[in-house]
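In what follows, a structure is listed as structure tokens, so that the remarks can point back to it.
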Amino acid sequence: MVSRLIARLRDLTLARKLTAIGVATSSASLLVAAVVFVMYDASSSRQRLVRDTGMLAEVIGKNSTAALVFGDGRAASETLNAFAVNEHIVTAVIFRADGTLFARYDRAHSATAPTEALNLLGTGGTESRSLFVDGGLVVVRPIFLARDTIGAVLVLSDLTELRTGAIRFARIAALVLLGSLFTAGLLAFSLQRVISRPVIRLTEITREVTRDGRYDLRAEVSGRDEIGELVAAFNGMLSEIQRRDVQLLKQQEQLEQTVEARTTQLRTANTELVVARDKAMEASRAKSEFLANMSHEIRTPMNGIIGMTELALNSDSNPELRSYLTTVRTSAETLLAILNDILDFSKIESRKLVLESVPFSLRDSVGNMLRPFAVKAHQKGLELICDVADDVPSAIVGDPVRLQQVLGNLVGNAIKFTEQGHVLLQIREDVRRDDAILLHFVVSDTGIGIPPEKHATVFEAFSQADGSTTRKFGGTGLGLTISATLVHLMGGRIWVESDTGAGSTFHFTAAFDVAAPARAPIERTALAGLPVLIVDDNAVNRKIFEEQLRRCHMRPTSVDGGRAALDAMTAAVLDGHPYRLVLLDANMPDIDGFAVAEQIARRRELVGATIMLLTSSGEYGDSSRCLDVGVAAYLTKPIKSEDLIDVICQVLDRTPIGGPTPPVARTEPSSLTTSDRVHAPIAPADASLAAKVLLAEDNAVNQQVAVGLLTKRGHHVTIAENGCEALAALERDTFDIVLMDLQMPEMGGIEATRELRARERQTSRHTRVVAMTAHAMTGDRERCLAAGMDGYLSKPIDAAMLFAVVEDRSARVTDPPAASTAPAAEPVLDRDTMLERFGGDVELLNEVIRLFLEDCPKRLADIKAAVDSKDAERIRITAHALKGAAGNLSEGALFEAARTLERIGAQSRLQAADAAWRRLSMEASAVIDELRRLEPTFP
55 MVSRLIARLR
65 DLTLARKLTA
75 IGVATSSASL
85 LVAAVVFVMY
95 DASSSRQRLV
105 RDTGMLAEVI
115 GKNSTAALVF
125 GDGRAASETL
135 NAFAVNEHIV
145 TAVIFRADGT
155 LFARYDRAHS
165 ATAPTEALNL
175 LGTGGTESRS
185 LFVDGGLVVV
195 RPIFLARDTI
205 GAVLVLSDLT
215 ELRTGAIRFA
225 RIAALVLLGS
235 LFTAGLLAFS
245 LQRVISRPVI
255 RLTEITREVT
265 RDGRYDLRAE
275 VSGRDEIGEL
285 VAAFNGMLSE
295 IQRRDVQLLK
305 QQEQLEQTVE
315 ARTTQLRTAN
325 TELVVARDKA
335 MEASRAKSEF
345 LANMSHEIRT
355 PMNGIIGMTE
365 LALNSDSNPE
375 LRSYLTTVRT
385 SAETLLAILN
395 DILDFSKIES
405 RKLVLESVPF
415 SLRDSVGNML
425 RPFAVKAHQK
435 GLELICDVAD
445 DVPSAIVGDP
455 VRLQQVLGNL
465 VGNAIKFTEQ
475 GHVLLQIRED
485 VRRDDAILLH
495 FVVSDTGIGI
505 PPEKHATVFE
515 AFSQADGSTT
525 RKFGGTGLGL
535 TISATLVHLM
545 GGRIWVESDT
555 GAGSTFHFTA
565 AFDVAAPARA
575 PIERTALAGL
585 PVLIVDDNAV
595 NRKIFEEQLR
605 RCHMRPTSVD
615 GGRAALDAMT
625 AAVLDGHPYR
635 LVLLDANMPD
645 IDGFAVAEQI
655 ARRRELVGAT
665 IMLLTSSGEY
675 GDSSRCLDVG
685 VAAYLTKPIK
695 SEDLIDVICQ
705 VLDRTPIGGP
715 TPPVARTEPS
725 SLTTSDRVHA
735 PIAPADASLA
745 AKVLLAEDNA
755 VNQQVAVGLL
765 TKRGHHVTIA
775 ENGCEALAAL
785 ERDTFDIVLM
795 DLQMPEMGGI
805 EATRELRARE
815 RQTSRHTRVV
825 AMTAHAMTGD
835 RERCLAAGMD
845 GYLSKPIDAA
855 MLFAVVEDRS
865 ARVTDPPAAS
875 TAPAAEPVLD
885 RDTMLERFGG
895 DVELLNEVIR
905 LFLEDCPKRL
915 ADIKAAVDSK
925 DAERIRITAH
935 ALKGAAGNLS
945 EGALFEAART
955 LERIGAQSRL
965 QAADAAWRRL
975 SMEASAVIDE
985 LRRLEPTFP
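Below you can see the structure in the form of structure tokens.
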């Protein structure tokens, strides 16, 4: 309330403020005075009433002494009747000394009994007492004979006289208050002009000076007080400004003359600068033209190398020569890709980049572009989704290579900067005129996002959102610059919508011509009315599949999990409209797709449905599991709409161009329609030994080895990249065993096990934890035991030992093998020994070799950088990672060289690092050559 009054007071004029302040001050003072006087009068009146009533009681008591002594009640009553002349006396009573009633007078029967009043004051007291009760005044006075109390007089008086006097005084005070306020208001209004008028006049002059720039105006000084001093100071300020204006005019004239003299000099200097700039631009243009012209000179021999190598590979040649040729082709393609990026940018700078215009299939081109990214997305646990609108033509005319380059840059960046969620590519028709079409491409993700202030710079050369982005995710920032230029050349524009932490959405448009389709469109009436159940925990996937199926006039229904799918299928059977087709996601949080398919196969009422399993990336043994549970098709996402319809027609035995087909009765398939080849499983373990395994491992090769072996053995494996993720997984689910790597980022295996045991002490639960590390050094066993681990499995992973540890539920801690002190073995890899390590699984071994060949050069580069920077801790970590990867294949010379360098890093013996690095590099080259030589011997 007070703050609002003050706020309103600020907006009033000065005159009104002064008047209001004067009136408010006077009002407050008068009000306080009036209240004090009223309260004082009320108090005085009460005291006066008590005094007068007490005197009457004393007089009556003295006059009644004789009557009380002689017991003459009539005389006492006559004495009390003297109160009749006082209209305010309600009751008067004389009591004996023992408290019994002796005589009484009542003006009218009072509601307050004298006895009650006496009880309030007490009986037999020798002191006078007074009490205001129930709207009246009770006065008690003792009656004395000599010094003895022989009785008491009680008088009850009403407060009419008191109230009347108070009201009369209050009225007088109110009239005085109003009159005083009126007088104070008049005085305040009259006196405020002494202050407000000079200030108002000063304000008016200020406005004139501001509006017209008249510094010759002066305000009138009306006194010697502070306001007068303010006016005098203001006049002095105007005089000073006026004086400086005159000086400025003079200086301006002088400056104009000086500027005119120097302008001639500047013109000469500018002419020289223009000449120098032109020379610099010419030199830059010559450099760019040289690089652009080198494109042909470099690509011609590189393409010759690749082409001739391809021809040689297609001819009959011995395995060793094929291995060498494959290495040459891979290296040449990698080098050509690097050169292409550099040359593209140089051609952009010199404006010599020209697009092709050829017919191509948009959907096939996009599908081929997304295929390698699907693997990267799956490795990060992301959903890669592609949604091409039905009205987008498949056959168009343009530059497919450059379109793939732009889309690849955007999709690759989206996967790089996204840790969880999905990456979605959408293609829509924007504008279409005759045979010309403008397509709208959208790549959205759920990643780290880009701050709004960085949107304008992300398409500039060598720029990213901030410097830490390059350090964390890599990249030079050149891709988006090339993409922006290519989009511009394709007749479109590119832009981004994003915010920090909210993901990014990149849009671009591109113009194409519509070409005649390479094949007739699918006749969608073949699947019309088909009831389909879509089961996927990703809402975007469900929506896209629904749209694709509705375009073929099917009747899709979607649910977000396995349990909901089983309920929906049961309800549909009861309604008499069972689902004929189920599109089932393989990876879902509650029940995975294999478990749902297995339950469908077990329920007799649900066996009429054809099941198609969709996965982001196939795992070893998936095809066999699909055959076991009756899955008809096993496809890898993202899947093109046309391919999806083709597979549906295939598994339902319906041709896309025929007429209506009668309902298909489902039988157990003997073969599996798949987008990947079928892998034969190794011998599975007994069903009673199948375990839920949590693998805490950050090395991709080690993950691939362990998951491949355990999955084919029939175990269910969940991967955690570090100790924190392992603890989170153990919070969500229960596992039979945890295979824990000791060295992981964020939280290692020792720390994670300690935290797990601390949590288990509160729940009385115990989960087996087995260490899995390439260390096998002195003290590791004690550290594992101290942390609460139950076992120790040394890398490289041996299939038999791994199965024994996982399937032996009673296994306890075993001694790790002693660190080898023998000299390093020769870098010879034995085919049979490696196969034995992987349980005889040739395909798994081939996959591990492929991953090792891809991963080893990167790890060698990391080790070299650590050695060059003299970073002991980094040397230890990077060497440890390579040692684990090499140990999966052999405990040979490369394994020992990596272990030696790891020890050097752990002991900070940096003076020996260079020699150890040279040995490691040499052994790595030998192992890589040996693997490539042995590669053709594996079918």
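Each residue of the sequence shown is one higher than the one before, starting from 55 at the first, in the working numbering. Note that CB positions come from ideal geometry on N, CA and C, so glycine has one too.
- What does DSSP give as the partner residues of T559 in its beta bridges? S498, E551
- Query: How many Å lie between L994 and N422 at the Cα?
  - Reply: This structure cannot settle anything about residue 994, because the visible part of the chain is limited to 55 through 993.
- Among residues of its own chain, excluding the 5 on either side of P632, which ones have a beta-carbon nearer than 6 Å to its beta-carbon? Same-chain partners within the cutoff: A626, G662.
- CA-to-CA distance, A228 to E132, given in whole angstroms: 45 Å
- Task: Would you mind working out which of L749, L763, K766, M798 sits nearest A783, comparing C-alpha positions?
- Result: L749
- Item | Euclidean distance between Cα positions of I804 and L793 | Each residue's CA atom was taken as its position, placing I804 and L793 some 12 Å apart.
- Query: Any idea if K766 is buried or exposed, counting beta-carbon neighbours within 10 angstroms, 16 or more meaning buried?
  - Reply: Around the C-beta of K766, 16 or more other C-beta atoms lie within 10 Å, and the residue is accordingly described as buried.
- Using the Cα positions of R808 and R815, report the straight-line distance between them to the nearest angstrom. Looking at the two C-alpha atoms, the distance is approximately 11 Å.
- Query: Buried or exposed: where does I60 fall if 16 or more other Cβ atoms within 10 Å of its Cβ makes it buried?
  - Reply: exposed
- Neighbourhood of L216 by C-beta distance below 7 Å, restricted to the same chain and skipping five residues each side: S99, R100, L103
- Item | Under the three-state DSSP convention, the category Y432 falls into | Here residue 432 is His; the residue named in the question, Tyr, does not match the sequence. Here H432 carries a helix assignment [DSSP, helix/strand/coil].
- With a CB to CB cut of under 6 Å and the five nearest residues on each side skipped, what residues in its chain are close to S118? A130, T133, I148
- Message: What does the alpha-carbon distance come out to for the pair T709 and V636?
- Response: Note that T709 scores 45 on pLDDT, short of 50, meaning its location in the model is unreliable; the coordinates nonetheless yield the value given after this. Taking the straight line from one Cα to the other gives about 19 Å.
- Query: So S419 packs on L457, CB below 8 Å; how close in whole Å?
  - Reply: 7 Å
- Message: Quick check on M994: does DSSP put it in helix, strand or coil?
- Response: Nothing in the structure corresponds to residue 994, since the chain is present only between 55 and 993.
- Message: Could you give the first and the last residue of the continuous beta strand (DSSP E) run that contains E956?
- Response: No beta strand (DSSP E) holds E956; the alpha helix (DSSP H) holding it covers 947-960.
- Sorted by chain position, which residues of the same chain lie with C-beta nearer than 6 Å to A774's C-beta, five sequence neighbours on each side aside? A750, A780, A783
- Task: Taking 8 Å as the threshold, find out whether the segment 251-264 comes into contact with the segment 70-86 through three or more Cβ pairs.
- Result: Touching, no, given that fewer than three Cβ pairs across the two stretches are closer than 8 Å.
- Throw me the rounded Cβ distance for the W971 and I931 pair, which I believe falls under 8 Å. With 8 Å as the limit, W971 and I931 do not qualify as a contact, their Cβ atoms being about 15 Å apart.
- Task: Measure from the alpha carbon of V747 to the alpha carbon of each residue in D787, C778, N776, then state which is nearest.
- Result: D787
- Tell me whether V408 sits in a helix, a strand or coil according to DSSP, three-state version. coil
- Helix or strand or just coil, what does DSSP make of R866? Bear in mind that a pLDDT of 38 at R866, under 50, signals an unreliable position, so the number given afterwards is only what the model happens to contain. If DSSP states are grouped into helix, strand and coil, R866 belongs with coil.
- Message: Restricting to Cα atoms, I'd like to know which of S293, F137, R247, D444 is closest to Q602.
- Response: D444
- Item | the segment 219-228 in contact with the segment 236-255 per 3-pair CB rule at 8 Å | no
- Task: Quick one: using the 10 Å Cβ neighbour count with 16 as the cut-off for buried, is D795 buried or exposed?
- Result: buried
- Counting Cβ pairs, one atom from each stretch, are 3 or more of them under 8 Å apart for the segment 546-563 and the segment 487-504? yes
- Residue range of the alpha helix (DSSP H) that L899 falls in? 896-922
- V92: which of N467, I221, A323 sits nearest, CA to CA? The shortest C-alpha separation from V92 is found at I221.
- Between T598 and D441, is the Cβ-Cβ spacing less than 8 Å? A small correction: the amino acid at residue 598 is Ile; Thr does not occupy that position in the sequence shown. A contact, by the Cβ cut-off of 8 Å.
- Message: Under 8 Å, with one C-beta from each stretch per pair, do the segment 270-288 and the segment 308-319 reach the 3-pair mark?
- Response: no
- Terminal residues of the alpha helix (DSSP H) in which Q480 lies: Segment 476-487 is the beta strand (DSSP E) holding Q480; no alpha helix (DSSP H) there.
- Query: Looking at C-alpha atoms only, which residue of D202, D697, G190, E908 is the closest neighbour of R150?
  - Reply: D202
- Message: Whole angstroms are fine: how far does the CA of A915 sit from the CA of L581?
- Response: Whole-angstrom Cα-Cα distance: 54 Å.
- Message: Assuming the contact rule is C-beta atoms closer than 8 Å, E950 and A933 should be a hit. Round their C-beta distance to whole Å, please.
- Response: About 11 Å; that fails the 8 Å criterion.
- Beta-carbon spacing of L638, G630 below 8 Å: no
- Item | Distance between beta carbons of A622 and T669, contact taken as under 8 Å | The Cβ separation is near 21 Å, so there is no contact.
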